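Engineer: Line by line, the protein sequences are chains A and B.
Each number in my numbering corresponds to the 1-based position in the first sequence with 32 added.
Each number in my numbering corresponds to the 1-based position in the second sequence with 14 added.
Have a look at the structure that comes next, please.
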Amino acid sequence: MSSVFQIDFGDQPQDLIVGIDLGTTNSLVAYMDSVRPRIITDQDGEKIVPSIVGALPNGEIVAGRAALEVLLTVPDRAVYSVKRLMGKGVSDVQDELKLFPYHVAPDSETVIKIELGDRVLTPPEVSAHILKRLKQIAEAHFGQPVTKAVITVPAYFNDAQRQATKDAGRIAGLEVLRLVNEPTAASLAYGLDKRKQGTVAVYDLGGGTFDISILKLHDGIFEVLATNGDTHLGGDDIDNLLIQIALEDLASEWGEDLTKDPVGVQLLRRAVIEAKHRLSTELETSIEFDYRGRQYNRVLERALFNRLIAPIVERTLEPCRQAVEDAKIGVRDIDEVVLVGGSTRIPLIRETVQVMFQKKPHTELNPDEVVALGAAVQAGILSGVQQDMLLLDVTPLSLGIETMGGVVSKLIHRNSTIPASATEAFTTGVDGQKNILIHVVQGEREMAPDCRSLARFDLKDIPPMPAGMARIEVRFLIDANGILSVTAREQRSGKEQSVEVKPSYGLSDQQVEAMIEESIEQAETDFQRRQLAEARVHADEILAATEKAMEHDAWLELSEEERAAVKRASNELRVAYHAEDHLLVRTHIDKLDAATRSLAEQMMDTAVKEALRGKKLSEV
Amino acid sequence: MILNLCWNCGQPPEGVHFCGHCGSLQAPVVDYFAYLGLPQKLQIDRQDLERRFYELSRRLHPDRFFRRPERERQLSEDATAWLNDAYRTLKDPVARAEYLLGLHGLDKTEQKSSNVPPELLEEVFELNMALEEIRSGDESARPQIEAARKKFAGMLEDLHGSLETCFAEWDGGGRREALEKIYGLLNRRNYLRNLLREAQGAEP
């Protein structure tokens with residue numbers, strides 16, 4: 033018996049699968065060509081798509097660079113850093129909501145609902161707009177539809193956050209073949225050279241999340257030994273610190289509370305981010321903010337900046353220590369350290385990592401691109417381009433069920449290689465009991481209320497039996513995406529037991545289905561809107577041209593009827609212009625076009641005569 | 015005995031992971047040791063175990079079955095979950111022993127960690143007294159607790175030595191007495207660990 037049987041893909045065409053880094057601040061899309069992963073650029077040659085979604089005045093939703101414009105001009109019609117809201121309820125994110133210019137609709141306990149223009153969108157729907165933009169860029173590049181993707185998530189994302197990311201993909205019309213942890217993806221890109229062996233630590237500090245992963249590289253196998261992190265820690269927090277300082281300055285210098293002015297705050301945010309970036313290469317810079325004719329200029333030295341951000345940097349160290357301990361190795365066993373995420377450009381972070389791991393970290397790869405490149409490598413593994421590589425990842429958080437008195441019984445421990453499973457037997461406590469409710473939680477604490485509630489599973493239709501007689505085996509499976517599924521079987525009857533899942537945070541399957549439909553409808557509406565806008569632009573052009581032509585000599589050379597027809601057609605177009613129907617506008621454009629044809633011919637003739645005047649026939 | 019037939023060709027598969035006739039992936043039906051091609055022994059070469067794990071991962075992982083029909087993808091997920099659970103269990107000596115005991119009807123869940131091993135009765139009594147005093151604010155019991163902690167840590171170390179001896183005994187003859195000794199030792203180990211945790215928890 034040999035493995036020849038299962039890896040013979042020779043005759044099948046290879047799927048087009050893209051790799052997507054769906055970041056807090058920026059997103060990228062990449063693919064694997066026959067040798068290496070490459071980032072796909074948009075029509076302007078740009079690689080980075082800002083993770084911003086905005087509503088244009090006509091209601092059309094845009095994402096990326098176009099949405100950045102919206103954010104800087106009408107901030108309450110734009111959403112950024114939505115990744116921080118994925119898989120969350122409104123009570124989880126009170127602090128950030130205070131800072132965001134966008135509004136949250138009521139009824140956001142289990143899924144946050146964001147008001148965007150005249151629409152109300154959940155975080156997966158907002159993310160779906162970013163994904164659609166990336167999909168568009170990829171489709172323009174390949175000249176064919178792109179429907180399959182590998183998407184990266186922070187390693188420390190819990191089940192609800194992962195599910196929300198998968199939902200976003202589905203809403204965007206992408207089949208999410210795999211969720212890959214960001215630091216692991218980075219290691220794939222980094223260790224693409226199969227000769228790389230040894231133990232690697234990946235320190236990933238992005239816009240909103242921090243991950244640390246420790247991997248063992250061995251003959252093309254990338255085995256994650258341990259991971260840890262904080263899904264609420266990143267460059268955003270540094271920006272907020274600086275904004276706070278600037279706001280206080282402005283309050284005393286300008287005597288103005290800028291917090292009430294969303295446009296001002298967003299422009300200040302940009303100014304602060306630019307200063308932060310400069311401080312990575314300069315020892316001193318200044319926050320420069322010109323607004324409504326006033327200037328704010330504050331010198332910022334790197335030393336002061338370092339003191340300010342020290343507590344944030346400090347918060348990354350405990351997860352690092354924990355990961356090393358969980359990997360059952362010592363710091364000295366780590367051969368290499370890789371930095372990922374824009375925030376690792378900050379010198380203090382590089383120094384801190386170097387002290388922590390006693391190694392000079394690698395910085396050869398662009399920290400903004402390495403995750404997307406790694407996602408493309410995983411796409412290559414799935415499509416069969418990269419057959420000699422294999423990624424073995426782990427679940428970042430322990431999975432448990434709530435037992436008597438709220439104590440958590442752990443079923444799958446953190447850092448277990450996935451897919452991982454556990455089977456637990458349940459029984460009834462009362463004669464004839466028909467259902468058993470199971471509360472599944474994720475986290476390391478002993479008591480259920482201190483962990484993250486994942487879902488409640490209702491085992492239903494248990495055959496009537498005396499108490500304690502039923503034996504229901506429940507199998508918990510965490511798949512290769514880090515997402516939980518539950519199946520149950522009553523042992524005596526052998527009957528597959530129905531399990532009804534009530535996710536604690538996030539969307540139900542039906543809700544996602546409804547959103548997919550709505551998104552198709554919205555796409556239709558958006559398409560209609562764009563068609564109308566384009567038709568009106570065209571109408572403006574032809575009306576202006578017609579008016580200009582009426583001043584031309586050729587106008588007088590037309591017959592009375594012809595002139596009347598042109599006037600009628602242009603009046604009709606003006607009326608149709610205001611109807612919300614691009615087809616009507618188009619029809620009247622065509623009519624006016626037809627009516628003005630002989631006028632156009634006359635003008636051409638005149639123009640030709642003009643051009644030829646005074647010339648001999650032989651000169652023509 | 016349940017007759018196990020290949021889902022694809024209907025013949026007995028004659029292989030642990032793949033059918034020997036048609037080569038298709040099978041659902042995992044054997045114990046962790048057998049799945050990794052190992053005899054039921056408690057002394058394991060970690061490097062050999064890792065090599066087996068990597069080799070099987072390459073063949074069984076869902077990434078390798080990605081372009082196969084749904085049924086095979088599902089089987090690959092089940093097989094890999096089983097492989098991962100097996101590797102995680104066998105790589106840790108205590109989990110490995112507990113698993114083997116379970117295969118021989120000595121379930122961990124039936125161990126009662128609340129039963130104080132008789133030879134520890136006195137120590138437990140003294141520790142509880144000292145803990146009580148600390149809780150009521152009397153720091154004079156501090157050295158006693160430190161002494162208890164050291165004592166329990168030493169006992170735990172000795173116990174690990176005894177465990178290794180018993181592992182060798184089982185591997186040498188496969189006698190049930192060895193398993194029962196291991197069962198007793200693991201029970202005592204749980205108890206000691208709890209005591210140690212309590213003593214450490216009381217440290218300033």
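Where a beta carbon is used, it is the ideal one built from N, C-alpha and C, also for glycine.
Since the model is a prediction, treat every value here as computed from it, not as a measurement.
If you count every other CB in all the chains shown that lies within 10 Å of the CB of residue 451 of chain A, and 16 or more means buried, which is it?
Structural biologist: Buried: at least 16 other Cβ atoms inside 10 Å.
Engineer: Spatial neighbours of residue 373 of chain A within its chain, please: CB distance less than 7 Å, with the 5 preceding and 5 following residues excluded, ordered by chain position.
Structural biologist: Closer than 7 Å at Cβ, skipping near neighbours: 236, 237, 238 and 399.
Engineer: Would you kindly work out how many angstroms separate the C-alpha atoms of residue 200 of chain A and residue 194 of chain A, rounded to a whole number?
Structural biologist: Straight-line Cα distance between these residues: approximately 10 Å.
Engineer: Taking only beta-carbon atoms, is residue 207 of chain B less than 7 Å away from chain A?
Structural biologist: Not an interface residue.
Engineer: Could you say if the stretch 354–371 of chain A and the stretch 243–258 of chain A meet the contact criterion of at least three C-beta pairs nearer than 8 Å?
Structural biologist: With a cut-off of 8 Å, the stretch 243–258 of chain A and the stretch 354–371 of chain A count as touching, because enough Cβ pairs lie within range.
Engineer: Taking Cβ positions, are residue 137 of chain A and residue 147 of chain A nearer each other than 7 Å?
Structural biologist: A contact, by the Cβ cut-off of 7 Å.
Engineer: Starting from the N-terminal side, write out each stretch of the beta strand (DSSP E) that is 3 residues or longer and does not extend beyond the stretch 186–265 of chain A.
Structural biologist: Taking only runs of at least 3 residues, the beta strand (DSSP E) segments lying wholly in the stretch 186–265 of chain A are 207–213, 230–237, 242–250 and 253–262.
Engineer: The ligand FMN and residue 551 of chain A: does the residue's C-beta get closer than 6 Å to at least one heavy atom of that ligand?
Structural biologist: Judged by which ligands are present, the structure shown has none, so any question about the ligand FMN falls away.
Engineer: Under a three-way DSSP split, which group does residue 67 of chain B fall into?
Structural biologist: Here residue 67 of chain B sits in helix by DSSP.
Engineer: Give me the Cα-Cα distance between residue 214 of chain B and residue 167 of chain B, rounded to the nearest whole angstrom.
Structural biologist: Distance between the alpha carbons of residue 214 of chain B and residue 167 of chain B: 11 Å.
Engineer: Between residue 68 of chain B and chain A, is there a C-beta pair that is closer than 7 Å?
Structural biologist: Yes - at least one Cβ of chain A is within 7 Å of the one on residue 68 of chain B.
Engineer: Which residues in the same chain have their Cβ closer than 7 Å to the Cβ of residue 192 of chain B, if we skip the five residues on either side of it in sequence?
Structural biologist: Correct list, in chain order: 180, 183 and 184.
Engineer: Pick helix, strand or coil for residue 284 of chain A, following the three-state DSSP scheme.
Structural biologist: In the structure shown, residue 284 of chain A sits in a helix (DSSP, three-state: H, G or I).
Engineer: Within this structure, are the beta carbons of residue 444 of chain A and residue 203 of chain A separated by less than 7 Å?
Structural biologist: No, these two residues do not count as a Cβ contact at 7 Å.
Engineer: Give me the residue from A/631, A/593 and A/562 with the minimum Cα distance to residue 615 of chain A.
Structural biologist: Answer by Cα proximity: A/562.
Engineer: Give the interface partners of residue 253 of chain A over in chain B, defined as CB-CB distance under 8 Å, in chain order.
Structural biologist: Per Cβ cutoff of 8 Å: 68, 71 and 72.
Engineer: Quick one: is residue 451 of chain A near chain B, going by C-beta distance under 7 Å?
Structural biologist: At least one chain B Cβ lies under 7 Å of residue 451 of chain A.
Engineer: Which bits of chain B does residue 512 of chain A rub up against, with CB to CB less than 9 Å?
Structural biologist: Residues of chain B passing the Cβ test: 75, 76, 77, 91 and 94.
Engineer: Give me the chain B residues within the contact set of residue 448 of chain A, using Cβ-Cβ distance strictly less than 9 Å, ordered along the chain.
Structural biologist: Near residue 448 of chain A (Cβ distances below 9 Å), the residues of chain B are 98, 99 and 102.
Engineer: Please confirm whether residue 384 of chain A and residue 356 of chain A have their CB atoms less than 7 Å apart.
Structural biologist: Going by C-beta atoms, residue 384 of chain A is not nearer than 7 Å to residue 356 of chain A.
Engineer: Is the beta carbon of residue 158 of chain A closer than 7 Å to that of residue 181 of chain A?
Structural biologist: It is not a contact, given that the beta carbons lie outside the stated cut-off.
Engineer: On the premise that residue 446 of chain A lies in contact with residue 476 of chain A, defined as a C-beta separation below 8 Å, what is that separation, rounded to the nearest angstrom?
Structural biologist: Correct: roughly 7 Å between the Cβ atoms.
Engineer: To test your reading of the DSSP string, which unbroken beta strand (DSSP E) runs of 3 or more residues are found completely within the stretch 324–408 of chain A?
Structural biologist: You should have 326–333 and 368–372.
Engineer: Verify the CB distance criterion: does residue 80 of chain B have a CB-CB separation below 7 Å to chain A?
Structural biologist: Interface residue, yes.
Engineer: Closer than 8 Å is the cut-off here; do at least three beta carbon pairs connect the stretch 432–440 of chain A with the stretch 243–253 of chain A?
Structural biologist: Judged by Cβ distances under 8 Å, the stretch 432–440 of chain A makes no contact with the stretch 243–253 of chain A, as fewer than three pairs qualify.
Engineer: Only counting the same chain, and skipping five residues up and downstream in sequence, which positions put a Cβ closer than 8 Å to that of residue 504 of chain A?
Structural biologist: Here the set comprises 457, 458, 459, 468, 491, 494, 520, 521, 522, 523 and 529.
Engineer: Quick check: residue 211 of chain A and residue 185 of chain A, are their CB atoms within less than 7 Å of each other?
Structural biologist: Yes, Cβ-Cβ distance for residue 211 of chain A and residue 185 of chain A is below 7 Å.
Engineer: Determine which residues share a DSSP beta bridge with residue 527 of chain A and list them.
Structural biologist: A/522, per the DSSP bridge assignment.
Engineer: In terms of alpha-carbon separation, which member of A/70, A/92 and A/102 lies closest to residue 553 of chain A?
Structural biologist: Taking only the C-alpha atoms, the option nearest residue 553 of chain A is A/92.
Engineer: So who's on the other strand from residue 135 of chain A, going by DSSP bridges?
Structural biologist: In the DSSP output, where bridge partners are listed per residue, residue 135 of chain A has A/147.
Engineer: Output the distance between the C-alpha atoms of residue 465 of chain A and residue 497 of chain A, rounded to the nearest integer angstrom.
Structural biologist: Each residue's alpha carbon lies about 7 Å from the other.
Engineer: Anyone know if the C-beta pair for residue 187 of chain A and residue 261 of chain A falls short of 7 Å?
Structural biologist: Cβ atoms of residue 187 of chain A and residue 261 of chain A: closer than 7 Å.
Engineer: Quick check on the DSSP output: the beta strand (DSSP E) that includes residue 501 of chain A runs from which residue to which?
Structural biologist: Residue 501 of chain A -> no beta strand (DSSP E), and no H or E assigned at all.
Engineer: With burial defined as no fewer than 16 other Cβ atoms inside 10 Å of the residue's Cβ, what is the status of residue 217 of chain A: buried or exposed?
Structural biologist: Residue 217 of chain A is buried by the Cβ-count criterion.
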